[in-house]
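Straight run, no breaks: the sequence shown in our numbering ends on number 137.
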Amino acid sequence: MGYMKHLFLLRPYYRLVPDQELIEGDERSGGDHRRAARAEDGSFALIYLPTGGEIHVKTGRLKGERVRVSWFDPRKGEVAHSEEIAKATVLRLEAPSAGRGNDWVLCLDNVRSNLPPIRINRESR
């Protein structure tokens with residue numbers, strides 16, 4: 013759980029509000045239930061995927077024309093992939109791995125919001 017704490021400390025987590033509407037067509041339940049939250053001002057969003065896989069994200073509540081998409085591995089405290097892309101009505105994204113034991117946090121940042129890149133200092137965990 014230490015890596016997740018540091019991830020949340022890299023973002024103004026106190027501005028997060030639950031927003032399952034970010035996830036299009038997702039009716040998973042139980043151990044595969046995905047959770048989404050976004051900053052009240054639309055500057056960033058975090059989506060937890062307990063088993064990775066594909067996800068369709070509605071970006072209308074996020075600010076800006078471009079978003080930085082980062083896949084954070086909470087098991088290792090590493091970012092497996094990060095890229096800047098143009099916003100679309102719905103983004104189809106794929107976690108780096110899928111299946112039981114392959115949880116991921118999808119981080120979506122407005123590129124103009126000046127949020128720091130996600131990097132975890134393993135020494136302070």
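Don't be surprised by glycine CBs; every beta carbon is placed ideally from N, CA and C.
It should be emphasised that the depicted structure is a prediction, and the values quoted were computed from it without experimental measurement.
With a threshold of 16 other beta carbon atoms within 10 Å, T101 falls short and is exposed.
Contact between L105 and V69 holds: their C-beta atoms lie close to 6 Å from each other, under 8 Å. Rounded to whole angstroms, P128 and R80 show a C-alpha spacing of 11 Å. The Cβ atoms of R73 and R87 do not sit closer than 7 Å to each other. A residue is called buried when at least 16 other Cβ atoms come within 10 angstroms of its Cβ; G64 meets this threshold and is buried. Less than 7 Å separates the beta-carbon of I130 from that of V91.
Scanning the stretch 22 to 69 from its first residue to its last, the whole beta strand (DSSP E) runs of 3-plus residues come out as 28 to 30, 47 to 51 and 56 to 61. In the displayed model, L127 falls within coil according to three-state DSSP, outside both helix and strand.
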